[in-house]
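Since the structure comes first, as structure tokens, the remarks are kept for the end.
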Amino acid sequence: MRHLLSAADLDAGTANALLDTAERLKEALLGREVRKLPTLRGRTVVTMFYESSTRTRASFEIAGKWMSADVVNVSASGSAVSKGESLRDTALTLAAMGTDCVILRHPASGAAHRMSEWVGAHVVNAGDGMHEHPTQALLDAATLRERLGSLEGRRVTIVGDVLHSRVARSNVALLHTLGARVHLVAPPTLLPTGVTAWPVTIGHDLDAALPGSDAVMTLRVQEERMHGGFFPSAREYAIGYGLSEPRAARLPEHAVVLHPGPMLRGMEISAAVADSSRAAITSQVSNGVHVRMAVLYHLLASQEEES
Ligand code: ASP
């Protein structure tokens, strides 16, 4: 693997290898007081975040540090980007300093692909606009594997703002590759044109979808990407598509609740459901670190070890 740009690029073999590595790393670090592996000593990882982030950015930084890489964080504000420098010039500048891996979050779909054409470093897409967020899909798959065992034949319902969600796009691709059946539930205004060509089933009735779901993934309503009214009000959205306590009670006993965060409690998901034992939201966050360690390992260390 040279870059990780899209979940759609991952075949089942590669995806499972990444998930297996993440699992092994998790086991290796479990209960250790000092979480430091020497694997990426002498390697430089740069995170470039042009959109806000808490989880993804911190998670990549921790992943790199736990493997002894030198991690440098660059954000749009406070860098030459705020002086008008282009993405390409910033990329070439960082590449000239000997960066081994660039982790890029950018509001434009395709930004990570462009970056991979400009620099010799490995590139990881940490979210490009509404397009993809492959490490989120991997950490979701890791969490589902942990809770449900194999994903083969499992039914995952993804509910909410599918239109603006890179999380949904990456998850649909990866879950399909891993043999799960994906059902999308959203208001018609929050489904992309062309969704009928995706490997999913589509509905608008969350209550009807829940009893047959092994997992339900609630998406954040991406207000920052909305220009215009996509639904009448937050209250009406919550009534139709929010995962309330009575709704969650319709899920089978074993079913898992996921949310990529940040959550809008009371709108997308009630506080009681988000904090319940069936919610795996904090596990998603911890698995995120191990999955990102696995990605860095496969990009930067595994070939070296083989040779
Ligand atoms: N944190 C995820 C992302 O960056 C989900 C979200 O923001 O809604 O795409």
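Residues 1 to 307 (this note's numbering) are what the sequence shown spells out, left to right. Every residue gets a Cβ at the ideal spot worked out from N, C-alpha and C, and that includes glycine.
Can you give the beta carbon distance from residue i to residue j, rounded, assuming they're within the 8 angstroms contact cut?
i: M1; j: L191; result: The pair is not a contact, with the Cβ atoms about 31 angstroms apart (cut-off 8 angstroms).
i: R88; j: S68; result: That belief does not hold up - the Cβ atoms of R88 and S68 are roughly 30 angstroms apart, past 8 angstroms.
i: R155; j: G212; result: 6 angstroms
i: H164; j: R105; result: Actually they do not touch by this definition, with Cβ atoms about 15 angstroms apart.
Starting from the C-beta of residue i, find all residues in its chain whose C-beta is less than 6 angstroms away, skip the five residues before and the five after it, and write them out in chain order.
i: L29; result: R35
i: I308; result: Here the chain covers residues 1 to 307 and nothing more, so residue 308 does not appear.
i: N73; result: T47
i: R43; result: A69, D100, L300
i: A108; result: G129
i: G31; result: none
i: H290; result: A22, L25, K26
i: D20; result: none
With a threshold of 16 other CB atoms inside 10 Å of the CB of residue i, please say whether the residue is buried or exposed.
i: L258; result: buried
i: I269; result: buried
i: H254; result: exposed
i: S59; result: buried
i: S307; result: In this predicted model, S307 has a pLDDT of only 46, less than 50, meaning its place in the structure is not dependable; the value taken from the coordinates is given anyway. Looking at its Cβ environment, which holds fewer than 16 other Cβ atoms inside 10 Å, S307 is exposed.
i: M115; result: buried
i: G120; result: exposed
i: E132; result: buried
Whose C-beta lies closer than 7 angstroms to the C-beta of residue i among residues of the same chain, with five residues either side of it excluded?
i: R247; result: L206, D207, L210
i: R55; result: G261, V285, G288
i: N171; result: A137, D140, I158, M217
In its own chain, which residues sit with a C-beta less than 8 angstroms from the C-beta of residue i, not counting the 5 before and 5 after it?
i: G153; result: G179, A180, R181
i: M267; result: V221, A234, Y237, A238, G242
Exercise for the section: Would you check if the stretch 169–184 and the stretch 199–216 touch, i.e. whether three or more CB-CB distances between them fall below 8 angstroms? Expected result: Touching, yes.
Exercise for the section: Would you list the residues whose beta-carbon is nearer than 7 angstroms to any heavy atom of the ligand ASP, in the order they occur in the chain? Expected result: Ordered by chain, the residues meeting the criterion of a beta-carbon within less than 7 angstroms of a non-hydrogen atom of the ligand ASP are S53, R55, T56, G127, H133, Q136, S165, R166, V167, L219, R220, Q222, P260, G261, P262.
Exercise for the section: Examine the Cβ distances between the stretch 3–14 and the stretch 131–148 and report whether three or more of them are shorter than 8 angstroms. Expected result: The stretch 3–14, when compared against the stretch 131–148, does touch it at the 8 angstroms Cβ threshold.
Exercise for the section: Tell me, please, whether the stretch 114–127 touches the stretch 47–66 by the rule of three or more beta-carbon pairs shorter than 8 angstroms. Expected result: Contact holds: three or more Cβ-Cβ distances are below 8 angstroms.
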